[in-house]
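Chemist: Okay, handing you the structure first.
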Amino acid sequence: GQNIDQPTEMTATEGAIVQINCTYQTSGFNGLFWYQQHAGEAPTFLSYNVLDGLEEKGRFSSFLSRSKGYSYLLLKELQMKDSASYLCAVRDGDDYKLSFGAGTTVTVRA
Amino acid sequence: GAGVSQTPSNKVTEKGKYVELRCDPISGHTALYWYRQSLGQGPEFLIYFQGTGAADDSGLPNDRFFAVRPEGSVSTLKIQRTERGDSAVYLCASSLIGRGGDTQYFGPGTRLTVL
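Going down the list, the protein sequences come from chains A and B. Under the working numbering, read the first sequence as residues 161 to 270, first letter to last. Under the working numbering, read the second sequence as residues 5 to 119, first letter to last.
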């Protein structure tokens, strides 16, 4: 299986920027996903990276370095509604299933 | 269009009982996945369907767990002789084709509590 590590918790102030790191180990990398999950709700798709580099989507950006087994999710101009758990997930080789990290709980304070 | 739906949203049962959890995927999605999520953890893969067939059931923890998708749409996860350790949120996801950069869309989950 995959070893996917991400910090347990992060706290930031409204309007600030937060970067959530994710490291992984796979035998045959085939894509990395970020999901947002509010308490008691379904994970919702945020971003997908399969090639190295930065993908920007509004206030959210995701970066991937395959050689380092590393990704980050950047949340800009934080809003209170961004308080949630952020899940890093990796697809390995020809697998269709996702292997998830434990999630990073982000708390946005006024 | 409608997203993935799951019923019931909550299920409380007693140890040893049988339960069925239902998933209705996004219309037209051929791939369907079941995951299980415990408190403070990420979802853990259970089983994957491509059409009507279970393409990979390697995540099912033991033979008390079984899932079907008889017509290639709705799926039912069945748990026999439930144990307290089965308590978790059971998430269903679907995707268009099941490979490549295909995005999985999740339902709201069924929270199963085994007393």
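Glycine residues also receive a C-beta, built at the ideal position from the N, C-alpha and C atoms.
Can you tell me which of the three DSSP states Lys241/A falls into?
Modeler: Looking at Lys241/A - three-state DSSP - the assignment turns out to be helix.
Chemist: So with CB distances below 7 Å, who are the chain A contacts of Leu64/B?
Modeler: The premise fails here: Leu64/B is roughly 12 Å from chain A at the closest Cβ pair, so nothing lies under 7 Å.
Chemist: Can you confirm whether the segment 105 to 118 of chain B touches the segment 193 to 203 of chain A when touching is taken to mean that 3 or more C-beta pairs between the two stretches lie within less than 8 Å?
Modeler: Result yes; three or more Cβ-Cβ pairs closer than 8 Å.
Chemist: Within 8 Å, do at least three Cβ pairs link the segment 66 to 74 of chain B to the segment 6 to 18 of chain B?
Modeler: Flag = no, the segment 6 to 18 of chain B and the segment 66 to 74 of chain B do not touch.
Chemist: If you compare alpha carbons, which of Phe260/A, Asp255/A, Met240/A, Ala249/A is closest to Thr171/A?
Modeler: The candidate whose alpha carbon is nearest that of Thr171/A is Met240/A.
Chemist: Under three-state DSSP, which class holds Asp60/B?
Modeler: Asp60/B: strand per DSSP, three-state reduction.
Chemist: Going along the chain, which residues of the segment 246 to 264 of chain A sit with their C-beta nearer than 9 Å to a C-beta in chain B?
Modeler: Here the close residues are Leu247, Cys248, Ala249, Arg251, Asp254, Asp255, Tyr256, Lys257, Leu258, Ser259, Phe260, Gly261, Ala262, Gly263.
Chemist: With a threshold of 16 other CB atoms inside 10 Å of the CB of Ser259/A, please say whether the residue is buried or exposed.
Modeler: Buried: at least 16 other Cβ atoms inside 10 Å.
Chemist: Could you tell me how far apart the beta carbons of Leu116/B and Val23/B are, in whole angstroms, since I believe they sit closer than 8 Å?
Modeler: Contact flag correct, Cβ pair sits at about 7 Å.
Chemist: Assuming Asp242/A contacts Val268/A under a Cβ cut-off of 8 Å, what Cβ separation, rounded to an integer in Å, is found between them?
Modeler: Indeed, because the Cβ distance is near 5 Å, the residues count as touching under 8 Å.
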